[in-house]
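A.B. asks:
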Amino acid sequence: MATVINITDKNQLEQILQEAKNVTSGPPTTVVMDFYASWCRPCSEIAPIFKELSTKYTNMKFIKIDVDKLEYDMDSLLSKGQCECLNEEDSHSLAQLLNSSGGNNSKTYLLSDTDEQINGPKENAPKTVKLFINQISTPDFDSCEIGEAVQTLELTEDDIKDGGITQLNFVKFQNVNTLTIFVKNNQSSTDQTRIDKLKFYGYPVNTVNMKEFQRVSGKKGEAHG
Numbered sequence: 146m147a148t149v150i151n152i153t154d155k156n157q158l159e160q161i162l163q164e165a166k167n168v169t170s171g172p173p174t175t176v177v178m179d180f181y182a183s184w185c186r187p188c189s190e191i192a193p194i195f196k197e198l199s200t201k202y203t204n205m206k207f208i209k210i211d212v213d214k215l216e217y218d219m220d221s222l223l224s225k226g227q228c229e230c231l232n233e234e235d236s237h238s239l240a241q242l243l244n245s246s247g248g249n250n251s252k253t254y255l256l257s258d259t260d261e262q263i264n265g266p267k268e269n270a271p272k273t274v275k276l277f278i279n280q281i282s283t284p285d286f287d288s289c290e291i292g293e294a295v296q297t298l299e300l301t302e303d304d305i306k307d308g309g310i311t312q313l314n315f316v317k318f319q320n321v322n323t324l325t326i327f328v329k330n331n332q333s334s335t336d337q338t339r340i341d342k343l344k345f346y347g348y349p350v351n352t353v354n355m356k357e358f359q360r361v362s363g364k365k366g367e368a369h370g
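Quick note: the working numbering has the sequence shown finishing at residue 370, numbered continuously throughout.
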């Protein structure tokens, strides 16, 4: 009888995925992952069905991951060469931020180009942030301003403290290929917004390496027909 495996740490998850991939004979083992939260009603409703499936398909591995207890740094899966910021200051770019450890005392940070629309010093830190996923092309500022975001964040001073983590509605972010972050304003409505550190936490849902994808043509920010 197959059982559902509750994942308790990152190393356990990576070991299971590695073992499933490196099967000595036959095709790789299929791993079915249930990302859940204790407060999520749909998660509770699907749990018995998930367990039943594990007993029916004994040739597969069924694992459960509590998204509130286990964080996975997505830095290694981020295609940094294809990341861009539309109004960055040249001396403090997004590329520099993504390749640094960050922190309030770091000299490496993202700074907007004389525009409040870009975690930094609290008076310059983002306030209203809109998140869009899987956009066909890079949207402009007007599109982001009026467009319906997957989630809109209203950050407080507690949210922007060093090391702070802002929780997202994980149900809406289960299939993300691209993420667009639109910073509408900052904490004190000053001309420039500053971000000292930016980290993404989540879990890969397939084995596609996005770093192997290449831009088809044109420059960053250009739309393709």
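For glycine and all other residues, C-beta sits at the position ideal for the given N, C-alpha and C. Fair warning: this is a prediction, and the values are worked out from it, not measured in the lab.
1. Would you list, in sequence order, the uninterrupted beta strand (DSSP E) runs of no fewer than 3 residues that lie entirely inside the stretch 172 to 233?
2. Does DSSP classify Glu302 as helix, strand or coil?
3. Kindly indicate which three-state DSSP category Phe315 falls into: helix, strand or coil?
4. With three or more C-beta pairs closer than 8 angstroms as the rule, is the stretch 269 to 279 touching the stretch 315 to 332?
5. Which value, in whole angstroms, describes the spacing of the CA atoms of Glu159 and Ser245?
6. Taking only three categories from DSSP, how would you classify Leu256?
7. Are Ala165 and Pro173 close, meaning C-beta to C-beta below 8 angstroms?
8. Taking the alpha carbon of Asp211 as the point to measure from, which residue in Ser334, Leu343 and Val316 has its own alpha carbon closest?
9. I'd like to know whether the C-beta atoms of Val295 and Phe207 end up nearer to each other than 8 angstroms.
10. Please tell me whether Glu268 and Gln332 are closer than 8 angstroms, where the distance is taken between their beta carbons.
11. How is the beta strand (DSSP E) around Lys275 delimited, first residue to last?
12. Report the rounded CA-to-CA distance for Leu242 versus Pro271, giving the unit in angstroms.
13. Can the beta-carbon of Lys209 be found closer than 8 angstroms to that of Ile161?
14. Between the C-alpha atoms of Pro459 and Asp213, what's the straight-line distance to the nearest angstrom?
15. Is Leu343 helix, strand or coil by DSSP?
16. Judging by CA-CA distance, which residue of Ser257, Thr253, Ala240 and Glu216 is the nearest neighbour of Glu233?
C.D. replies: Once the coordinates are examined:
1. 176 to 181 and 206 to 211
2. Sequence index remark: in the sequence shown, residue 302 carries index 157 (1-based). It is coil, neither helix nor strand.
3. On the sequence shown, residue 315 is found 170 positions in, with the first residue counted as 1. If DSSP states are grouped into helix, strand and coil, Phe315 belongs with the helices.
4. yes
5. Taking the first residue of the sequence shown as position 1, residue 159 is located at position 14. Taking the first residue of the sequence shown as position 1, residue 245 is located at position 100. Approximately 25 angstroms, taken between the alpha carbons.
6. Here the question's residue 256 lines up with position 111 in the sequence shown. It is a strand residue.
7. Along the sequence shown, one-based indexing puts residue 165 at 20. Along the sequence shown, one-based indexing puts residue 173 at 28. Yes, they are a contact pair.
8. Sequence index remark: in the sequence shown, residue 211 carries index 66 (1-based). Cα-wise, what sits closest to Asp211 is Val316.
9. As a position in the sequence shown, residue 295 is number 150, starting the count at 1. As a position in the sequence shown, residue 207 is number 62, starting the count at 1. Contact: no.
10. Stepping through the sequence shown from its first residue, residue 268 is reached at position 123. Stepping through the sequence shown from its first residue, residue 332 is reached at position 187. The answer is yes: Cβ separation under 8 angstroms.
11. Sequence index remark: in the sequence shown, residue 275 carries index 130 (1-based). Thr273 to Ile278 is the extent of the beta strand (DSSP E) around Lys275.
12. Counted from its first residue, the sequence shown places residue 242 at position 97. Counted from its first residue, the sequence shown places residue 271 at position 126. Approximately 15 angstroms between the Cα atoms of the pair.
13. Position 64 of the sequence shown, counted from the first residue, corresponds to residue 209. Position 16 of the sequence shown, counted from the first residue, corresponds to residue 161. No. Outside cutoff.
14. The question about residue 459 has no answer, for the chain in this structure spans 146 to 370.
15. For this step, residue 343 is matched to residue 198 along the sequence shown. In this structure, Leu343 counts as coil in the three-state DSSP scheme.
16. For this step, residue 233 is matched to residue 88 along the sequence shown. The option with the nearest alpha carbon to Glu233 is Ser257.
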